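J.:
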Amino acid sequence: MDLWQLLLTLAVAGSSDAFSGSEDSSGKPKFTKCRSPELETFSCHWTDGVRHGLKSPGSVQLFYIRRSTQEWTQEWKECPDYVSAGENSCYFNSSYTSIWIPYCIKLTSNGGTVDQKCFSVEEIVQPDPPIGLNWTLLNISLTGIHADIQVRWEPPPNADVQKGWIVLEYELQYKEVNETQWKMMDPVLSTSVPVYSLRLDKEYEVRVRSRQRNSEKYGEFSEVLYVTLPQMSPLACEEDFQFPWFLIIILGIFGLTVILFLFIFSKQQRIKMLILPPVPVPKIKGIDPDLLKEGKLEEVNTILAVHDNYKPEFYNDDSWVEFIELDIDDPDEKTEGSDTDRLLSNDHQKSLNILGAKDDDSGRTSCYEPDILETDFNASDMCDGTSEVAQPQRLKGEADLLCLDQKNQKDSSSSNATPATQQPSVILAEENKPRPLLIGGTESTHQAAHTQLSNPSSLANIDFYAQVSDITPAGSVVLSPGQKNKTGISQCDMHPEVVSLCQANFIMDNAYFCEADAKKCIPVAPHVEVESRVEPSFNQEDIYITTESLTTTAGRSGTAERASSSEMPVPDYTSIHIVQSPQGLVLNATALPLPDKEFLSSCGYVSTDQLNKIMP
Amino acid sequence: MDKKRSSLKAGSLLLLLLLVSDLLLCKSVASLPICPSGAVNCQVSLRELFDRAVILSHYIHNLSSEMFNEFDKRYAQGRGFVTKAINSCHTSSLSTPEDKEQAQQIHHEDLLNLILRVLRSWNDPLYHLVSEVRGMQEAPEAILSKAIEIEEQNRRLLEGMEKIVGQVQPGIKENEVYSVWSGLPSLQMADEDSRLFAFYNLLHCLRRDSHKIDNYLKLLKCRIVYDSNC
Numbered sequence: 001m002d003l004w005q006l007l008l009t010l011a012v013a014g015s016s017d018a019f020s021g022s023e024d025s026s027g028k029p030k031f032t033k034c035r036s037p038e039l040e041t042f043s044c045h046w047t048d049g050v051r052h053g054l055k056s057p058g059s060v061q062l063f064y065i066r067r068s069t070q071e072w073t074q075e076w077k078e079c080p081d082y083v084s085a086g087e088n089s090c091y092f093n094s095s096y097t098s099i100w101i102p103y104c105i106k107l108t109s110n111g112g113t114v115d116q117k118c119f120s121v122e123e124i125v126q127p128d129p130p131i132g133l134n135w136t137l138l139n140i141s142l143t144g145i146h147a148d149i150q151v152r153w154e155p156p157p158n159a160d161v162q163k164g165w166i167v168l169e170y171e172l173q174y175k176e177v178n179e180t181q182w183k184m185m186d187p188v189l190s191t192s193v194p195v196y197s198l199r200l201d202k203e204y205e206v207r208v209r210s211r212q213r214n215s216e217k218y219g220e221f222s223e224v225l226y227v228t229l230p231q232m233s234p235l236a237c238e239e240d241f242q243f244p245w246f247l248i249i250i251l252g253i254f255g256l257t258v259i260l261f262l263f264i265f266s267k268q269q270r271i272k273m274l275i276l277p278p279v280p281v282p283k284i285k286g287i288d289p290d291l292l293k294e295g296k297l298e299e300v301n302t303i304l305a306v307h308d309n310y311k312p313e314f315y316n317d318d319s320w321v322e323f324i325e326l327d328i329d330d331p332d333e334k335t336e337g338s339d340t341d342r343l344l345s346n347d348h349q350k351s352l353n354i355l356g357a358k359d360d361d362s363g364r365t366s367c368y369e370p371d372i373l374e375t376d377f378n379a380s381d382m383c384d385g386t387s388e389v390a391q392p393q394r395l396k397g398e399a400d401l402l403c404l405d406q407k408n409q410k411d412s413s414s415s416n417a418t419p420a421t422q423q424p425s426v427i428l429a430e431e432n433k434p435r436p437l438l439i440g441g442t443e444s445t446h447q448a449a450h451t452q453l454s455n456p457s458s459l460a461n462i463d464f465y466a467q468v469s470d471i472t473p474a475g476s477v478v479l480s481p482g483q484k485n486k487t488g489i490s491q492c493d494m495h496p497e498v499v500s501l502c503q504a505n506f507i508m509d510n511a512y513f514c515e516a517d518a519k520k521c522i523p524v525a526p527h528v529e530v531e532s533r534v535e536p537s538f539n540q541e542d543i544y545i546t547t548e549s550l551t552t553t554a555g556r557s558g559t560a561e562r563a564s565s566s567e568m569p570v571p572d573y574t575s576i577h578i579v580q581s582p583q584g585l586v587l588n589a590t591a592l593p594l595p596d597k598e599f600l601s602s603c604g605y606v607s608t609d610q611l612n613k614i615m616p
Numbered sequence: 001m002d003k004k005r006s007s008l009k010a011g012s013l014l015l016l017l018l019l020v021s022d023l024l025l026c027k028s029v030a031s032l033p034i035c036p037s038g039a040v041n042c043q044v045s046l047r048e049l050f051d052r053a054v055i056l057s058h059y060i061h062n063l064s065s066e067m068f069n070e071f072d073k074r075y076a077q078g079r080g081f082v083t084k085a086i087n088s089c090h091t092s093s094l095s096t097p098e099d100k101e102q103a104q105q106i107h108h109e110d111l112l113n114l115i116l117r118v119l120r121s122w123n124d125p126l127y128h129l130v131s132e133v134r135g136m137q138e139a140p141e142a143i144l145s146k147a148i149e150i151e152e153q154n155r156r157l158l159e160g161m162e163k164i165v166g167q168v169q170p171g172i173k174e175n176e177v178y179s180v181w182s183g184l185p186s187l188q189m190a191d192e193d194s195r196l197f198a199f200y201n202l203l204h205c206l207r208r209d210s211h212k213i214d215n216y217l218k219l220l221k222c223r224i225v226y227d228s229n230c
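Line by line, the protein sequences give chains A and B.
For the first sequence, counting from 1, position 265 maps to 265 in the numbering used here; every step adds exactly one.
For the second sequence, counting from 1, position 140 maps to 140 in the numbering used here; every step adds exactly one.
(1) Measure the alpha-carbon distance for residue 189(A) versus residue 165(A) and round it to whole angstroms.
(2) Pull up the CB-CB distance for residue 45(A) and residue 88(A), whole angstroms please, since I reckon it's below 8 Å.
(3) By the DSSP assignment, the alpha helix (DSSP H) with residue 167(B) in it spans what residues?
(4) Quick one: grab the DSSP three-state call for residue 185(B).
(5) Taking residue 208(B) as the query, report the chain A residues whose CB atoms sit under 8 Å from its CB, ordered along the chain.
(6) Quick check on this structure: which residue in 69(B), 209(B) and 91(B) has the alpha carbon closest to the alpha carbon of residue 60(B)?
(7) Report the residue from 133(A), 265(A) and 149(A) whose alpha carbon sits nearest the alpha carbon of residue 223(A).
(8) At which residues does the alpha helix (DSSP H) containing residue 220(A) begin and terminate?
(9) Mind checking residue 189(B): buried by the 16 CB within 10 Å criterion, or exposed?
(10) Which residues in chain A have a C-beta closer than 7 Å to the C-beta of residue 62(B)? List them in chain order.
(11) Any beta carbon from chain B within less than 8 Å of residue 173(A)'s own beta carbon?
(12) Along the region 115-133 of chain B, what residues have a CB closer than 7 Å to any CB found in chain A?
(13) Look at the alpha carbon of residue 49(A) and the alpha carbon of residue 106(A), and state the distance between them as a whole number of angstroms.
(14) What residues in the region 192-205 of chain B bring their beta carbon closer than 7 Å to a beta carbon of chain A?
(15) What are the partner residues of residue 126(A), as DSSP defines its beta bridges?
(16) Considering only residues of the same chain and omitting the five flanking positions on each side of residue 130(B), which have a CB-CB separation below 8 Å?
(17) Please classify residue 58(B): does DSSP put it in a helix, a strand, or coil?
(18) Would you kindly work out how many angstroms separate the C-alpha atoms of residue 78(B) and residue 135(B), rounded to a whole number?
(19) Using a Cβ-Cβ cutoff of less than 6 Å, which residues in the same chain neighbour residue 348(A) once the five nearest sequence positions on both sides are dropped?
(20) Apply the 10 Å Cβ neighbour rule to residue 219(A) and answer buried if 16 or more other Cβ atoms are within range, or exposed otherwise.
(21) Is residue 186(A) closer than 8 Å to residue 159(A) when the C-beta atoms are compared?
(22) Does the region 202-209 of chain A come into contact with the region 106-126 of chain A, if we say contact requires no fewer than three beta-carbon pairs (one atom in each stretch) closer than 8 Å?
(23) Roughly how many angstroms lie between the CA atoms of residue 617(A) and residue 145(A), to the nearest whole one?
(24) Hey, out of 7(B), 70(B), 122(B) and 142(B), whose CA is closest to residue 154(B)'s CA?
(25) Nearest to residue 85(A) by alpha carbon, out of 259(A), 33(A) and 264(A)?
(26) Exposed or buried, which one is residue 115(A) when buried takes at least 16 other CB atoms within 10 Å?
(27) With 8 Å as the C-beta to C-beta threshold (strictly closer), list the residues of the region 87-102 of chain B near chain A in chain order.
(28) What ranges does the beta strand (DSSP E) occupy inside the region 166-222 of chain A, keeping only unbroken runs of at least 3 residues that lie completely in it?
(29) Starting from residue 200(B), follow the alpha helix (DSSP H) in both directions and report where the run begins and ends.
(30) Could you work out which residues of chain B lie near residue 40(A), taking near to mean beta carbons separated by less than 8 Å?
(31) Chain A partners of residue 65(B), CB-CB under 9 Å?
(32) Tell me which residues share the same chain as residue 225(A) and place their Cβ nearer than 6 Å to its Cβ, disregarding the 5 neighbours each side in the sequence.
(33) With burial defined as no fewer than 16 other Cβ atoms inside 10 Å of the residue's Cβ, what is the status of residue 194(A): buried or exposed?
(34) Quick check on DSSP: helix, strand or coil for residue 112(A)?
(35) If I'm right that residue 91(B) touches residue 179(B) with Cβ under 8 Å, what's the distance once you round it to whole angstroms?
(36) Between the beta-carbon of residue 207(B) and the beta-carbon of residue 71(B), is there less than 8 Å?
In structure tokens form, the structure reads like this:
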């Protein structure tokens with residue numbers, strides 16, 4: 001047996017080269033292929049070598065041997081079936097086939113071994129092609145150009161897939177009829193597969209082949225399946241028409257450019273502003289950009305000087321900058337004349353011309369807005385045009401505010417005073433450092449107030465300006481009680497606790513108290529001389545009408561009437577003469593009669609609404 | 001408003017509870033590996049067990065084929081290792097069915113036990129294969145990694161098969177029978193040619209046996225789970 005094994009080894013070794021793919025040039029028969037289609041049978045084929053000279057073809061015989069258990073006990077057996085698999089083939093049916101068993105076959109011709117091969121059956125599995133190919137239409141794309149189909153087939157009939165003896169995987173290939181290259185799809189385990197995106201106007205060929213899973217060798221291809229897709233209407237064929245994209249793009253760009261240039265260079269300012277909005281120039285309140293362009297630096301500085309945030313220190317080094325010196329303690333300035341005179345003078349005209357701002361954002365606005373209570377007092381300063389009068393004005397305002405503060409404090413719990421009004425009072429009180437007219441009505445404030453009152457003439461001479469709350473249809477201006485009657489200062493340092501009696505009565509539309517109201521609250525004024533002073537001042541200067549008067553109770557109004565009758569013979573208001581000036585209002589001296597007594601109150605303030613009623 | 005809030009709370013709590021229970025359930029059903037040994041009452045359906053076993057056996061056979069091909073390409077060319085006819089595998093002593101009729105006639109319990117035996121027989125050789133491949137000169141990374149992977153998967157497949165056997169044949173515990181592998185000395189021979197031939201032989205046997213197990217399992221799956229109608 002060992003010898004036999006050795007012989008076999010030698011024979012196999014000798015013939016191994018023949019199986020590495022060398023060409024047969026000697027004309028000997030040799031094995032071409034051994035194949036098992038279903039892992040149950042197998043067959044081997046060989047070529048009959050071309051022979052020149054007809055010798056007897058010789059009986060080519062095939063012998064096989066298979067190893068069972070561990071020993072080569074068997075002898076070479078001859079092929080059981082030379083016919084079933086065709087010519088030059090040997091077919092081994094299932095009884096002769098054992099899987100996972102090594103086989104060796106040899107080809108003999110005239111007794112001499114010409115070829116030999118060893119293998120195991122599971123290594124030579126190549127399934128038959130699938131059968132029963134058919135296809136169904138899945139869907140057609142919206143454009144009517146492409147379609148999807150589902151291709152189905154049956155596994156090869158001899159492969160026992162149902163019992164799981166062999167597991168197959170399939171590969172589908174398709175191509176257009178007139179193409180040469182097949183498109184391959186990935187192997188699938190199922191027997192149907194969708195093919196996407198086939199063109200409707202083309203014909204396709206489909207074929208499938210199978211192989212055992214885990215093997216590398218595929219079986220033969222199935223028969224070709226011809227797929228003829230339904231033809232869609234030729235109208236759907238859009239691809240032939242080439243849209244002239246290029247032309248349209250060029251024309252479009254050209255047209256847009258023409259239009260754009262038209263707009264840019266046209267004189268139509270409106271359209272031009274739509275397309276190319278102007279860049280906003282920097283604006284400073286109260287300054288006209290044209291002014292800056294003209295280069296009149298003096299006026300510019302003047303304007304800038306009245307702004308809060310104007311820091312003159314910056315320009316210390318510049319010689320061309322002039323500063324207006326503020327002399328706070330100079331009493332002479334107070335007697336320079338009324339503001340009205342000044343406003344009506346040429347200076348005013350001059351200032352008007354200079355500061356004829358076209359801008360909406362000029363300093364005018366701050367003069368005219370009653371809402372900005374904070375800036376009211378500042379605005380009043382600005383509106384004056386000169387700072388000389390600013391101080392007494394401010395003082396007056398502060399004093400008023402002081403009065404206001406005190407009263408506000410006392411009535412803070414019940415009053416509806418807007419915080420805005422309180423704030424300016426606080427602010428101004430704080431601003432004025434040399435004059436600590438702070439909340440609380442300290443003695444110093446009393447002192448200050450008294451010093452203020454020491455010069456009634458000064459008070460009388462101090463002009464006031466009004467803040468406009470409304471403009472009547474007739475063109476006259478309704479002034480809101482922005483400034484308290486200066487004579488009211490004297491009353492402010494009265495007994496604060498008395499004011500609390502009046503709390504409930506006051507309905508605060510604005511935060512200002514009229515002195516007359518304050519008077520009611522206060523018992524007999526200890527300062528008689530002040531009162532006497534009050535009266536004439538009321539006569540002359542009590543021009544404001546406040547809303548409080550209207551909302552006071554009947555009782556009060558009764559008293560108010562009495563008071564007013566005694567104190568204010570002719571309350572009236574002043575209409576604005578010139579509204580243009582940002583520096584202030586030039587007030588007319590005209591007084592309107594007040595026919596309705598209800599408007600009369602302790603102080604001469606009347607609200608806008610009431611005023612409208614009066615006015616025609 | 002309070003009612004709404006409380007109902008919302010309840011709803012969210014319920015949702016959370018559902019989620020947690022879902023997670024737990026999912027974990028218990030689809031957890032891999034199949035119930036760890038020792039968990040007696042692990043309920044995993046037979047179908048899933050077989051599906052997993054087939055996947056593993058298919059994977060092992062793929063790896064074995066690749067490993068053999070790579071070894072053949074790298075070491076066996078020109079050395080004439082075509083003497084497949086002579087060498088035999090150590091598992092040949094196990095009487096396994098050799099064709100379809102025999103496989104169909106055998107009882108599935110016996111077949112399962114046979115599979116178990118074959119798998120057990122390969123535990124030792126695979127372990128030594130890994131260590132020896134490591135020691136090879138210019139140890140090829142591809143072959144080594146595949147060997148390691150096969151060894152691990154083989155162990156998992158063995159676990160799975162034991163589970164299946166436990167479900168199909170509850171209570172019967174056969175003696176652990178398997179073929180002993182005695183090829184270690186040949187793997188460690190000094191002569192390189194002989195050593196390489198021994199490797200070639202082992203890998204060839206491994207490929208064959210993995211194909212056998214894969215086929216048996218697919219057959220059993222179709223028979224047991226799908227009632228011979230795959």
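In this text, a Cβ means the ideal position worked out from N, Cα and C, and glycines have one as well.
For clarity, every value in this text was computed on a predicted model and none was experimentally measured.
T.: Per the coordinate set shown:
(1) 15 Å
(2) 6 Å
(3) 141-168
(4) helix
(5) 100, 120 and 122
(6) 209(B)
(7) 133(A)
(8) Unbroken run through residue 220(A): none, as it is neither H nor E.
(9) exposed
(10) 214
(11) no
(12) none
(13) 15 Å
(14) none
(15) In DSSP, residue 126(A) forms no bridge with anything.
(16) 144, 147, 148 and 151
(17) helix
(18) 23 Å
(19) The predicted model places residue 348(A) with a pLDDT of 47, which falls under 50 and marks its position as unreliable; any figure quoted below should be read in that light. Same-chain partners within the cutoff: there are none.
(20) buried
(21) no
(22) no
(23) The structure shown does not extend to residue 617(A), since chain A is modelled only from 1 to 616, so the question has no answer here.
(24) 122(B)
(25) 33(A)
(26) buried
(27) 88, 92, 93, 96, 98, 99, 100 and 101
(28) 168-176, 192-199 and 203-212
(29) 192-224
(30) 99 and 100
(31) 214, 215 and 216
(32) 133 and 206
(33) exposed
(34) strand
(35) 5 Å
(36) no
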